[in-house]
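Residue numbers (the UniProt record's numbering): 1 to 307. From the three backbone atoms N, C-alpha and C, an ideal C-beta is built for every residue, glycine too. Worksheet: the structure to be examined is printed underneath.
Here it is as C-alpha cells:
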C-alpha cells in the first residue's frame with residue numbers, strides 16, 4: 001500500500017477511535033493494533049524493531065534467500081544470498097542495528113543460499129554456525145562451500161549439525177529444527193526446515209525444500225501451522241503442495257525471487273495453490289524486502305523497495 005494511502009487510513013482510524021467512546025456508531029471500530037496489522041507500510045530504510053517484539057526480515061537479495069531474525073540485542077540469520085550479495089547483507093544487518101549473531105543457518109549448500117555467508121561470518125561475532133549434514137555422495141566441492149567452511153575455521157568455530165528437535169533462542173522467540181526429515185539425493189530436499197515461534201505468532205522457513213521433503217516433515221507429525229510461510233524454492237511448482245499448505249495454513253506467504261529470473265519463479269501453479277488456500281502473498285521481486293514485526297499476538301507488515 002502506498003504511504004499516502006496508508007497515512008489516510010491511519011488518520012481516518014484515529015478519528016473513529018477517538019470518537020467511538022462518545023458516539024454510538026452502528027459498526028465495529030477496530031483497535032490500533034488491528035489497524036496497523038491491516039496496513040502495509042512502505043519504507044526506504046531498515047525497519048527498527050521495537051523492544052520486546054520480534055522482527056523477521058525477508059531481505060531482498062534477488063534470486064536468492066536471506067532472512068534476519070531479530071529480538072532486542074539478539075539476532076540470527078538464515079541464509080545470506082549469493083556470493084555477490086555478501087557486502088549488501090552485511091550492510092543491511094548493520095543498518096538494522098545488528099552487532100552480533102547468536103547463530104546463522106545455511107539451509108543447504110547452494111550458492112544462492114550460502115553465497116554471502118562467509119562475509120557475514122568474517123564480519124560479525126557469530127556464536128554458532130548450523131548446516132545440514134548432507135549425504136557424502138552430494139557434498140559440494142564448490143569454492144562457495146569451501147569459502148564458508150574456511151570462514152568458520154578461521155573464526156575458531158565448528159559446524160553444528162542441524163538436528164530435528166533442536167531449539168535455539170532469539171531473545172524470547174524460539175526456533176525449532178523440523179527438517180530435513182529424511183535422506184535425499186538432492187541438495188534442495190536436504191534443506192534445513194525450521195519454525196520460529198513467538199507468542200501466538202509463528203514463521204515457517206523452508207529453504208528450497210520440495211514436495212518430497214515437505215511430505216517427510218508431514219510424516220513426522222511436527223507442528224507446522226504458522227502465521228507466515230517462507231514459500232519453498234522461490235515459488236517453484238515443485239514445492240508448496242496442497243497437503244503441506246493444508247497443514248501449515250499460513251495467513252501470509254513470502255516468495256523470495258529475482259525480477260525476470262531465468263527459472264520463471266514464481267511458477268503459476270504454486271501461486272495458484274497458495275491463493276486457493278487464502279494466503280496473502282508478498283514477493284521480493286515486486287515488494288522488495290518484506291519485514292514482519294510481531295508483538296506475540298499480531299503481526300504488522302512493512303515493505304522496503306530499493307530505489
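Check                                                                                                                               : Outcome
In DSSP terms, what residue 71 is bridged to                                                                                        : 54 and 74
Distance, residue 146 Cα to residue 37 Cα                                                                                           : Annotation note: pLDDT 43 at residue 37 (below 50); position unreliable, coordinate value reported separately. Approximately 43 angstroms, taken between the alpha carbons.
Beta-carbon spacing of residue 198, residue 54 below 8 angstroms                                                                    : yes
Neighbourhood of residue 57 by C-beta distance below 6 angstroms, restricted to the same chain and skipping five residues each side : 68 and 291
6 angstroms Cβ shell around residue 117 - same chain, five flanking residues per side excluded                                      : 80, 106 and 148
Whole-angstrom distance between residue 220 and residue 93, CA atom to CA atom                                                      : 34 angstroms
Validate contact between the segment 299-306 and the segment 253-272 using beta carbons, cut 8 angstroms, 3 pairs                   : no
Cβ shell of residue 255 (< 6 angstroms), same chain only, five flanking positions each side left out                                : 231, 235, 266 and 283
8 angstroms Cβ cutoff met for residue 112 and residue 154                                                                           : no
C-beta contact flag for residue 120 and residue 90 at 8 angstroms                                                                   : yes
CA-to-CA distance, residue 151 to residue 192, given in whole angstroms                                                             : 20 angstroms
Residue of 103, 190 and 203 minimising C-alpha distance to residue 215                                                              : 190
Distance, residue 251 Cα to residue 278 Cα                                                                                          : 7 angstroms
Proximity test, residue 145 beta-carbon vs the ligand PLP heavy atom, cut-off 7 angstroms                                           : In the structure on display, the ligand PLP does not appear, and there are no ligands present to speak of.
Span of the alpha helix (DSSP H) around residue 121                                                                                 : 117-123
Segments assigned alpha helix (DSSP H), at least 4 residues, entirely inside the segment 191-256                                    : 211-220 and 242-248
Nearest candidate by alpha-carbon position, reference residue 212, set 180, 205 and 194                                             : 180
Residue 178 to residue 114 span [Cα, whole Å]                                                                                       : 20 angstroms
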